[in-house]
Each structure stands twice: as structure tokens, then as C-alpha cells.
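Protein chains in written order, with our numbering: chain A, 1 to 450; chain B, 451 to 900.
Number of protein chains: 2
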Amino acid sequence: MTFKLSDELLEQIEQLVADRNNSGLLQILNELHYADIAEIINELNLDEATYLIKLLDSEKTSETLTELDEDVRERILKNLSAQEIADELLELDTDDAADIIAELSEERKKEVISHIEDKEHAKDIVELLRYDENSAGGLMAKELVKVNENWNVLTCVKEMRLQAEHVTRVHSIYVVDDNERLKGRLSLKDLLTTSTQTHIRDIYIPKVDYVSVTDKAEDVARVMSKYDLEAIPVVDESGRLVGRITIDDIVDVIREEAEKDYQLAAGITRDVEADDSVWKLTRARLPWLLIGMFGGLGAASIITGFQDALETYPILLSFVPLMQATAGNVGVQSSAIVVQGLANNSIKGEILGRLAKEFSLGLINGLAIAAIVLLISHFAFGTSYLVSSTIGLGLITVIVNAAVIGTFIPIFLDKRGIDPAVATGPFITTSNDVLGILIYFTIAKVILGF
Amino acid sequence: MTFKLSDELLEQIEQLVADRNNSGLLQILNELHYADIAEIINELNLDEATYLIKLLDSEKTSETLTELDEDVRERILKNLSAQEIADELLELDTDDAADIIAELSEERKKEVISHIEDKEHAKDIVELLRYDENSAGGLMAKELVKVNENWNVLTCVKEMRLQAEHVTRVHSIYVVDDNERLKGRLSLKDLLTTSTQTHIRDIYIPKVDYVSVTDKAEDVARVMSKYDLEAIPVVDESGRLVGRITIDDIVDVIREEAEKDYQLAAGITRDVEADDSVWKLTRARLPWLLIGMFGGLGAASIITGFQDALETYPILLSFVPLMQATAGNVGVQSSAIVVQGLANNSIKGEILGRLAKEFSLGLINGLAIAAIVLLISHFAFGTSYLVSSTIGLGLITVIVNAAVIGTFIPIFLDKRGIDPAVATGPFITTSNDVLGILIYFTIAKVILGF
Chain A
1 MTFKLSDELL
11 EQIEQLVADR
21 NNSGLLQILN
31 ELHYADIAEI
41 INELNLDEAT
51 YLIKLLDSEK
61 TSETLTELDE
71 DVRERILKNL
81 SAQEIADELL
91 ELDTDDAADI
101 IAELSEERKK
111 EVISHIEDKE
121 HAKDIVELLR
131 YDENSAGGLM
141 AKELVKVNEN
151 WNVLTCVKEM
161 RLQAEHVTRV
171 HSIYVVDDNE
181 RLKGRLSLKD
191 LLTTSTQTHI
201 RDIYIPKVDY
211 VSVTDKAEDV
221 ARVMSKYDLE
231 AIPVVDESGR
241 LVGRITIDDI
251 VDVIREEAEK
261 DYQLAAGITR
271 DVEADDSVWK
281 LTRARLPWLL
291 IGMFGGLGAA
301 SIITGFQDAL
311 ETYPILLSFV
321 PLMQATAGNV
331 GVQSSAIVVQ
341 GLANNSIKGE
351 ILGRLAKEFS
361 LGLINGLAIA
371 AIVLLISHFA
381 FGTSYLVSST
391 IGLGLITVIV
401 NAAVIGTFIP
411 IFLDKRGIDP
421 AVATGPFITT
431 SNDVLGILIY
441 FTIAKVILGF
Chain B
451 MTFKLSDELL
461 EQIEQLVADR
471 NNSGLLQILN
481 ELHYADIAEI
491 INELNLDEAT
501 YLIKLLDSEK
511 TSETLTELDE
521 DVRERILKNL
531 SAQEIADELL
541 ELDTDDAADI
551 IAELSEERKK
561 EVISHIEDKE
571 HAKDIVELLR
581 YDENSAGGLM
591 AKELVKVNEN
601 WNVLTCVKEM
611 RLQAEHVTRV
621 HSIYVVDDNE
631 RLKGRLSLKD
641 LLTTSTQTHI
651 RDIYIPKVDY
661 VSVTDKAEDV
671 ARVMSKYDLE
681 AIPVVDESGR
691 LVGRITIDDI
701 VDVIREEAEK
711 DYQLAAGITR
721 DVEADDSVWK
731 LTRARLPWLL
741 IGMFGGLGAA
751 SIITGFQDAL
761 ETYPILLSFV
771 PLMQATAGNV
781 GVQSSAIVVQ
791 GLANNSIKGE
801 ILGRLAKEFS
811 LGLINGLAIA
821 AIVLLISHFA
831 FGTSYLVSST
841 IGLGLITVIV
851 NAAVIGTFIP
861 IFLDKRGIDP
871 AVATGPFITT
881 SNDVLGILIY
891 FTIAKVILGF
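Quick look at the structure:
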């Protein structure tokens, strides 16, 4: 049943647009979900895309806009008048409307807002624009169902019916006091089985999960997925109910968070996708490559510094790539486990305990690898006992060191309030590369005495 | 409002368990969500944990069991009789019950199932155990609300009331024919505003998203998050409605999928956490380190092969770490973007087009880095023009090669039905390391003619 965008469908639609065959287009598009229409429009050129957007009825257009790739949406919005954009926003929930409007220039923003007919809706959108997009305030919508604790059941049901018109999925009925402060929630069953004159304050459930408007998006995601919540109310500094976050927005947060960590670990600094332009991809990738380059040049100057000594033991140089690769790999493994543990809140206890654990882990891995390398280097490369000991001891030290550093740096950054994910990937690889080579040659110097 | 497990709380609970102070314990635990109780129990020793589990009322126990760490749960279940486990399963939805029972030995499984009182529930659980845990069948629950298209509204409402007792959150009412085949869904509003004698077949909505029981979990996640669904029905090969998947299970799938890709990219082969034992962590990490080790030994033999020639140009060796680090970094970047694009379904079009794009990207990055390195190597290391050209040309070739390989391998694996995520991390780093060094020396041989 899954929609799959085929080249045939795309060609058919392009042809229909070229023929200005509106009924043919609508026949196809009306059968499709707006997320599928967005997928089609992402692949069209700007004129075709704008044509389709203007052809669709307003509700479908607005939902489609929310699903488009950001750069495609940006170009289409430039092709629409402030009035046209304002009309689309009217169809959207406040959170989606705020997300779209946030992408416009300051001037255009004001213009569009002034064209929104429903002043209440406009006010809500302006309020949402105030919040950081990575906070609970940036995720929440103003649409929700709330009742006053002092109402009776009859008033409550009447008011709820009015409010529910603006809310796609109700999920929960929240109870507030006269100052709009969140007091609890109401079970639909209790509401329906109680006499109409009963006061809400006598039947509501005072226990309700909530988040604060300034909470970070990833913390909201953690709470909602831990407690399997489909919606959570948001309160401001004085405990007033100001909005509601639904699980579909959290799914996006979880996905983006995971993708960001993964990209950082792979040495990609910006949020890019495979489809982005070569230039955008270069800007995301070059910075980490430059860090790696300076690491490589650092390693070059270390090796050059030992040049004279190395003339006596040229075989030592053959094992530099081994030291470097091992140090990099161990560092990435250790840091990835710590970064993931920090993201999951599963790292507890003392930092010393963790370092001791990584130390023993490094020692076990180091001994295993050193033993194999010793055998191979001795028999395949015919290294002397002293050189073999240098390589073996070098490997063990380099591995233990990389494991400890890979653990320490993310924990340190996290304590300083810096996203520990930046410490994975090229950063940890590069520093371990250079340090690994330095350790190796220092050990060689001590053992071989040059 | 978020619960935070403190050392004080833990000590207090341990003391209360030691004192066998049940009322004190229940006073604390009754205030907590089962996910929080699970967090506490994860930190206790087996005797304390079993004591708490037996103390809680059955509903809270069963929900707590679903939230425990797998290894903690395994040990606690060993401490419970088959009858005790069966009683807990009765309280759970079929999907959660099946997940727990799946962890038992074959013999114990049978014993527990035979002790489940509700035979219908037991039958449903046995059915769910048949499916692969990473498929729609492995995710779904049997609990759902379904009505027959031939019923009238009155029968329908009566039947729904009975069914809804077993369903925590209704989400959707599904419509089936006499053969249990999924026909569509019913809007609650239509149901309530139609006369009681109307037949369901005249009012249901035939358009409904669904997945097949054999669909992969990650595909279900993609569909549900693309279409913002909170629940999706599952059908078998003949289109019969057999279960339902809710969004909370999908949130876990998305998180686990992202963590798995991230761990693979970091060179960790099994699903491990920071808290796991040193031995378990070693088994997850050593395999990739061994691959890296063989790569390093391969590089060593390449360098040794060029040893004579290198006596004339020892400076070439100083730049080996630079070649290696750059090749590894570029390869990881390219493969990460492709792997993520494949996971998101955002990679379309020809493989040749992608390779051409990576080729030009590699060329741009390569030229930029080569230019900087040329300047630095000439002035800081005093390399001759020929050696400088070797280094510069080597860097460009190595970068382009790594970019192309990093793109090609994941796409190739994906076409073969192998998870492309295995191609990221140490695998791509190691192959690019070795290849990079080989390319570098080959270019040196051509230019410098040794």
C-alpha cells in the first residue's frame, strides 16, 4: 500500500502540468496523501511546483507545504504573495504555521502576519515565534482542550465541544484554575458518568505529566518516550498552561537528534542530505577534513623529528599506520559508547569508575592485539626482539590511552554544557592519531635508546 | 516534574527492603510511574528487586517488567514461578506479553503459556511469537477495535463497547468483511450521527493505511512517521486484519535503529551499553579492532615493500599519516551520507550520478587541502618540487578515491540486500587506509621514478 514515487508518475504529472490539464492533475492528486504530494513537488521545477501548489485546495496546499524539503518550500513561498501565504497558515495548526513563518525574512514575516484574518490565530503564531525552535515552546501548538476547575460538567461539555473544533486529535482534557494554571486532567469516562451539576474540581485527576516551555526538545522527547505519552501539556514559568506537544512532532525530534549525532560522528558539521548541492556538502565536510589535515601535518613533524634515529630502525616506520589506525578506532568506539550513554541518561556514577573500566577494556584489547601483531611481525617481518617489544608495548599503551581519552573528553564536554557528540569522529580520531604516533616513538626511544 | 533517581532515594528503598517495611515501600512506589520503578529496580540487587516485584500489585508489576533492562528482567523472571509469570502476562497487552515470553527458554515458554488462565489471550500470544521481532508481526498487538461491514450501527456500538474493554487506547475503529479482511475504517463522528439501523458498509471510509505482517519494522516506522499516524492496522497475506501497531512501539524502533547505525559506524558490532560488563564490551569491540589491525599490517607490508626506494626519499614517509587520516575521514563522510540517504529513502536516481557528484566533491576538497599542504610542506619541511608534487597529487587522488569508494560500497551492499550501515566506520576506514597508502606510493614511484 506504500506510495512509491515512480519516474512514470513524475513524467505523467509534468506532462499534465505542461498541458494545463487541471482535471487530470486533480484526479491523481486528490487520491494522494499530502506527504506523497510533497514528495512529488520536491522533484519538480519551481514553475511546475508553484502551479501544483496553487491548483490544490487550500487545506491540502497548507499540509503539503509543511512536508516539503526546506529549500523547495523557501523557493515556493517566494513565489506566493503575503496574502496567499497568510491564507495557507489559517488552515494549519499554530505549531506548523509558526514553523513555516519562521523561515521568512523579518519584513515578510510581519507582512504575512498582518494578512492573517483570524486575529486570535495570528496572536498564537506570534507567541510561538518567540520560543527557541529546539525547546518545548518551539515544538508546542496552542490547540488543546482545557476546562476550568470551577465549571460544572454541563458547562464543561459545552465548552469542550467549541474548543474541539480547532483540535485535530483531542488526546487529553486539561484542567486549569482561574489563573490558567495547570491543575490536572480529566478522564472522558468520569466526565460522562457524573451528574451534570458536579464541579470539575471534584472529579479531575491531579496527577499529570507536563514539561516547561523552556525545556529542551530532546528532554521532552525523553519524557514522552519513557512514559509512552501521546501528548504532553506545556506550562510557563508561573505554571500556566500555554500549549501542548503531540507525539508526531517528537518522532521528528528523535530522528533528527539521532541523525545529527551520526553526522557529527562521521565528520559532517551541518545538517546536509545526499541530495544537497556539491557546494553545500563541501562546506559541511571540508572543516573536519582540515582538522584531520593539521593532525596529519603534526604527525609529519613528529616523524621528521625522529628521522635520524629512524635511519637505524627503518622498520619502525612500517608500523606507524597500524598505531594510527588502532588509536583512531579505539578512540571512536569509546567515545561513541559514552556519547550514547549520555544521550540515554544511562551513564551514572563516578567518572573515575568509567575511566577505570575503559582502562581495563583497553588493556584486554591491547594485550590481545599486541600478541597477534608480535607473532606476525616477528615471523613475517623478521623484527628483532627489541623492536618487537617496542611495537607490542606501543600498541598496548596507544590503545589504553585512546580508550581513556575517548571516554574522558565527551564526559568533560558534557559537564561543561557542550554537546559531547562533537567529540566523536574526526576530532577524536585526529587527536588520537597524533598522540598515538608520539607515544609509539617515545616508547621506541626508551627501549631502543636512540 | 521529571523523576530523577537519586542516591538518597535508592538508599532509602534499600533500607526499607532490609527492614521489610512494606507500607513504607508502597507509600513511595504507589506515587511513581512504572517506568520510574523499573529504573529503581535496575539498580537493586536480585533479592531486593524480586522482593519489590512481589510486593507491587499485579498490574504495576507487569508494566514494570516491560520497562526493565533485559538482563535484570531475565534474572528476576528466573526467580518467579511459571504461574507467577503467567499471572503477570495476563495484565499485559499481547505485544508486551509476547516480548517478555520470547526471552524465556523453549521449555519454560511452554510451561508459562499453559498456566495462562485466559485461553484466548494465550492463543494470541502464541500467534505473535511466530513472527520475527523486527517485522510488523513482531511489533503488533492483537488488541484493537473492529466491526463487521454487515452490522448496523446499533450492533456495532454494542460490540465496540465489549472490545474496548481490552484496548488501552482505541485510536481507530477498523471495518472488516465476513472473512475478516480489512475494508476500511469508521469515523466516530459518523457513527454517532447516523441512525442506528444504518449498515456500516454504507458509512465506512474505504481509504485506510495499513502494513503487511511481514513488513520490516523500519518500513513500518517510515510509513507511520511520514503520514503522522498514531496507529496502523496490520494484515496477513490474504488481507485479513490480524493486529495493530501503535506509535509508542515505533518510537522505540526509530531510536534503536538510529543507535544501531551509529554503533556500527563507530565500530561496535553488538548492541551494547556503557553499563555492560567489560567482557561483553570487549566482544563487541575487538572484532572491528582486529580488522583495523590487519589493515595496519597490510600497510606495514606495503611500506616495507618500498623500503629501498624510501631510503632516497625518507621525507615521503612523514606524510603517510596524513594520507591515511585524510582517506579515512573522507571515506567515513561519504559513506555516512549515503547510508543516511538510503535509510531515509532520499537517495534517488542513478548510481553513476551519485558517483559523479562524489567525484567532483572529492576533487574540490582534494584541491583545497592539497594547496594548503603544498605550501606548508614546502616552507616548513623544505620538500623539493618533485616531492611536493607527489604529496599534492597523492592527496587529491586519495581523497577522490576515498569519496568514490565510500559512496559505492554502501549502495552496492544495499542493492545486494545487505545492511549498508556495516560499510561505515572501521570497515571503510581500514580499506581506505590501505588503499590510500598504496596509491600514494604508486604515485611517488611514477613521479620520482624509484
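Where a beta carbon is used, it is the ideal one built from N, C-alpha and C, also for glycine.
- For B:P683, DSSP records a beta bridge to B:R694.
- Residue pairing of A:K146 in beta bridges, as defined by DSSP: A:Y174.
- Cβ-Cβ distances below 6 Å link A:L342 to D414 and P420 in the same chain, with the five nearest sequence neighbours on each side left out; the list follows chain order.
- B:V703 sits in a helix when the DSSP states are folded into three classes.
- Relative to B:K504, the option among B:T605, B:N472 and B:E808 whose CA is nearest is B:N472.
- Linking A:E358 to A:T390 through their CA atoms gives a straight-line distance of about 23 Å.
- Given a length threshold of 4 residues, each whole run of the alpha helix (DSSP H) inside the segment 772 to 850 of chain B is given here in chain order: 801 to 830.
- Per DSSP, the unbroken alpha helix (DSSP H) holding B:G742 starts and ends at V728 to G755.
- With a contact defined as Cβ atoms closer than 8 Å, A:I232 and A:D209 qualify at about 6 Å.
- Shown here for B:N882: same chain residues with a beta carbon closer than 6 Å to its own, the five before and five after excluded, namely A777, G778, G781 and A852 in chain order.
- At least 8 Å separates the beta-carbon of B:L527 from that of B:E493.
- Beyond the five residues adjoining it in sequence on each side, B:T648 comes within less than 8 Å, by CB distance, of N602 and V603 in the same chain, given in chain order.
- Judged by their CB atoms, B:V673 and B:V684 are not nearer to each other than the 8 Å cut-off.
- According to DSSP, A:K216 shares a beta bridge with A:S135.
- Chain B places a beta carbon closer than 8 Å to that of A:Y227, counting this residue as a contact.
- Here the C-alpha atom of A:L128 lies approximately 13 Å from the C-alpha atom of A:E103.
- As the crow flies, the alpha-carbon of A:V253 is around 15 Å from that of A:A141.
- Cβ atoms of B:L589 and B:V670 come within 8 Å of each other, at about 6 Å.
- Within chain B, the C-beta atoms nearer than 8 Å to that of A:F381 come from A750, S751 and T754, in chain order.
- Taking a cut-off of 8 Å on C-beta distances, the segment 295 to 308 of chain A touches the segment 754 to 771 of chain B, as three or more cross pairs fall below it.
- Apart from sequence neighbours up to five positions away, the residues of its chain that approach A:W288 with a beta-carbon distance below 6 Å are G267 and P426, ordered along the chain.
- Burial is judged here by how many other beta carbons sit within 10 angstroms of a residue's own beta carbon; B:A536 has at least 16 and is buried.
- Cβ atoms of A:L361 and B:V728 come within 8 Å of each other, at about 5 Å.
- For A:H199, the three-state secondary structure derived from DSSP is strand.
- B:G899 and B:G816 have their alpha carbons spaced roughly 24 Å apart.
- Under the three-state reduction of DSSP, B:N529 is assigned to coil, being neither helix nor strand.
- Between the alpha carbons of A:G239 and A:L229 lies a distance of about 20 Å.
- Per the C-alpha coordinates, the member of A:E39, A:T407 and A:E165 positioned closest to A:I428 is A:T407.
- A Cβ-Cβ contact shorter than 8 Å links B:T516 with B:I550.
- In chain order, G791 place their CB closer than 6 Å to the CB of B:I797, counting only its own chain and leaving out the 5 sequence neighbours on each side.
- For A:I205, the pairing in a beta bridge is given by DSSP as A:R185.
- With respect to the 8 Å criterion, A:N148 and A:V126 are not classified as neighbours on the basis of their beta carbons.
- With a beta-carbon spacing of about 19 Å, B:I752 and B:I849 fall beyond the 8 Å limit used to define contacts.
- Secondary structure note for B:F891: its alpha helix (DSSP H) is the uninterrupted segment P876 to L898.
- Residues L139 of the same chain have their beta carbon placed closer than 6 Å to that of A:D249, with the five preceding and five following residues left out of the count.
- For B:G842, no CB of chain A lies under 8 Å from its own CB, so it is not counted at the interface with that chain.
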